[in-house]
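The listed protein sequences derive, respectively, from chains A and B.
Position 64, counted from 1, in the first sequence is what this note's numbering calls 64; the numbers after and before it change by one each time, with no gaps.
Quick note: to get this note's numbering, add 79 to the position in the second sequence (first position is 1).
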Amino acid sequence: MKISIKLFALYREAVGQRELTWTVAEGTTVADLWQALRDAYPDLPNVAPTAAINAEYVSPTAVLRDGDEVAFLPPVSGG
Amino acid sequence: MFKIVEEPISMEELIRAVEDPGAGAIVTFLGVVRDNNLGRKVHYLEYDAYPEMAVPAMERIAEEIRRRWDVIHIAIIHRVGRLEIGEASVGIAVSAAHRAEAFAACHYAIDRLKETVPIWKKEVWEGGEYWIEGTAVGPEVVSRRLT
Numbered sequence: 001m002k003i004s005i006k007l008f009a010l011y012r013e014a015v016g017q018r019e020l021t022w023t024v025a026e027g028t029t030v031a032d033l034w035q036a037l038r039d040a041y042p043d044l045p046n047v048a049p050t051a052a053i054n055a056e057y058v059s060p061t062a063v064l065r066d067g068d069e070v071a072f073l074p075p076v077s078g079g
Numbered sequence: 080m081f082k083i084v085e086e087p088i089s090m091e092e093l094i095r096a097v098e099d100p101g102a103g104a105i106v107t108f109l110g111v112v113r114d115n116n117l118g119r120k121v122h123y124l125e126y127d128a129y130p131e132m133a134v135p136a137m138e139r140i141a142e143e144i145r146r147r148w149d150v151i152h153i154a155i156i157h158r159v160g161r162l163e164i165g166e167a168s169v170g171i172a173v174s175a176a177h178r179a180e181a182f183a184a185c186h187y188a189i190d191r192l193k194e195t196v197p198i199w200k201k202e203v204w205e206g207g208e209y210w211i212e213g214t215a216v217g218p219e220v221v222s223r224r225l226t
């Protein structure tokens, strides 16, 4: 199934892109996806980042569904 | 009015958004880019945001404010992209019947924005740069209110 991944700030720079489209297996969790991303992009930090699916915060154990937009959010620093 | 913009923040627009015949006070806040941080001379800042979550997070701050203070209108604008020294990165305006509520609500809005809204800043100085890491945001931070 296909999902899109949104990356911001240092995560975006580590990957070199703001958005990726990936194909993942059924049952893939947010934590699985982050691990796979880190394997593909070793510059990503070894942390468990805050994640959101379709603009709602989710836990790392959340299971992805086809068409989801997954966002990984570094600690915020606006203002 | 709650939005993320790429162009300079207009104070007039912020004030217009909160004007009201019942308002006895309009308090505004501008966050501006400072030329130094932690002893370093800052060249410029770069901001990134996730607008699809940042705007709802601003609306949530406004709801929190309305539960605590009797205010009339709230407006928040945050700018993204490269910002030079002296430029405004964030603007907030609050109108209320009386000044005490407007001051308190405006102060709360900027404090909460810094800890709950998915926006990031990178500091660029002579010979280096760094994405500043503040609060690890999530449901527990968002649901916790400042006292």
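All residues carry an ideal CB built from backbone N, CA and C; glycine is no exception.
On a predicted model such as this, the values are computed, not experimentally measured, just so you know.
In the same chain as B/VAL169, and ignoring 5 residues on each side of it, the C-beta atoms closer than 6 Å to its own belong to GLY110, HIS157, in chain order. Judged by DSSP in its simplified three-state form, B/THR195 adopts helix. Looking at the DSSP output, B/VAL169 shares a beta bridge with B/GLY110, B/HIS157. Along the region 187 to 216 of chain B, the positions whose C-beta sits under 8 Å from a C-beta of chain A are ILE189, LEU192, LYS193, GLU194, THR195, VAL196, PRO197, ILE198, TRP199, LYS200, LYS201, TRP210, ILE211, GLU212, GLY213, THR214, ALA215, VAL216, read in chain order. Here A/THR21 is exposed. Its C-beta has fewer than 16 other C-beta atoms within 10 Å.
Straight across, the Cα-Cα distance linking B/ARG95 with B/LEU192 is about 21 Å. A residue is called buried when at least 16 other Cβ atoms come within 10 angstroms of its Cβ; B/ALA154 meets this threshold and is buried.
Nearest neighbour of A/PRO45 by Cα position, chosen from A/VAL15, A/VAL76, A/GLY78, A/MET1, turns out to be A/VAL15.
Bridge partners of A/TRP22 according to DSSP: A/ILE3. In summary, the residues of the region 40 to 67 of chain A whose CB is separated from some CB of chain B by less than 7 Å are THR50, ALA52, ALA55, TYR57, in the order they occur in the chain.
For B/TYR129, at least one C-beta of chain A is nearer than 8 Å to its own C-beta. What B/GLY165 touches in chain A, judged by beta-carbon distance under 7 Å, is nothing: the nearest beta carbon there is about 16 Å away.
In this model, B/VAL121 and B/ASP114 are separated by some 5 Å (Cα to Cα). A Cβ-Cβ distance of about 6 Å is found for the pair B/ALA215 and A/THR50, placing them in contact under the 8 Å criterion. In its chain, beyond the 5 residues on either side, no residue has a beta carbon closer than 8 Å to the beta carbon of B/LEU117.
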